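Enquirer: According to this note's numbering, the sequence shown is numbered sequentially starting from 4.
Backbone N, C-alpha and C fix where the C-beta goes; we use that ideal spot for every residue, glycine too.
Bear in mind the structure is a predicted one, so any value in this text is a computation, not a measurement.
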Amino acid sequence: MRMVRLSLGIFVLVEALNNYDILFAFIGAIFTLQALVNIGCCGVGGCEVNQPVKGQKSFESVDENTTFTEVK
């Protein structure tokens, strides 16, 4: 994924400089910077899911009786 960001960033940056387009140059610079410092949109490891500790429940169980009221 890092190489895809780098190649896309360089391509967009070169095309933006050829067409004198500042917006695309900014987008290309962001993609290139993300690849060079190895960060993504979520950051390094920002999208991983927290795993529960062994022996710990992943959610709290509720032993309450739930009552429902029918709405007509």
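Could you check which residue in Leu-16, Asp-24, Asn-22, Phe-71 has the C-alpha nearest to that of Ile-33?
Expert: For Ile-33, the nearest C-alpha among the options comes from Leu-16.
Enquirer: Is Gly-31 near Ile-13, with beta carbons less than 9 Å apart?
Expert: A contact, by the Cβ cut-off of 9 Å.
Enquirer: Within 10 angstroms of the Cβ of Arg-78, are there 16 or more other Cβ atoms? Answer buried if so, exposed if not.
Expert: It is not possible to answer for residue 78, since the shown part of the chain is limited to 4 through 75.
Enquirer: Could you have a look at Phe-71 and say whether DSSP puts it in helix, strand or coil?
Expert: Correct three-state label for Phe-71: coil.
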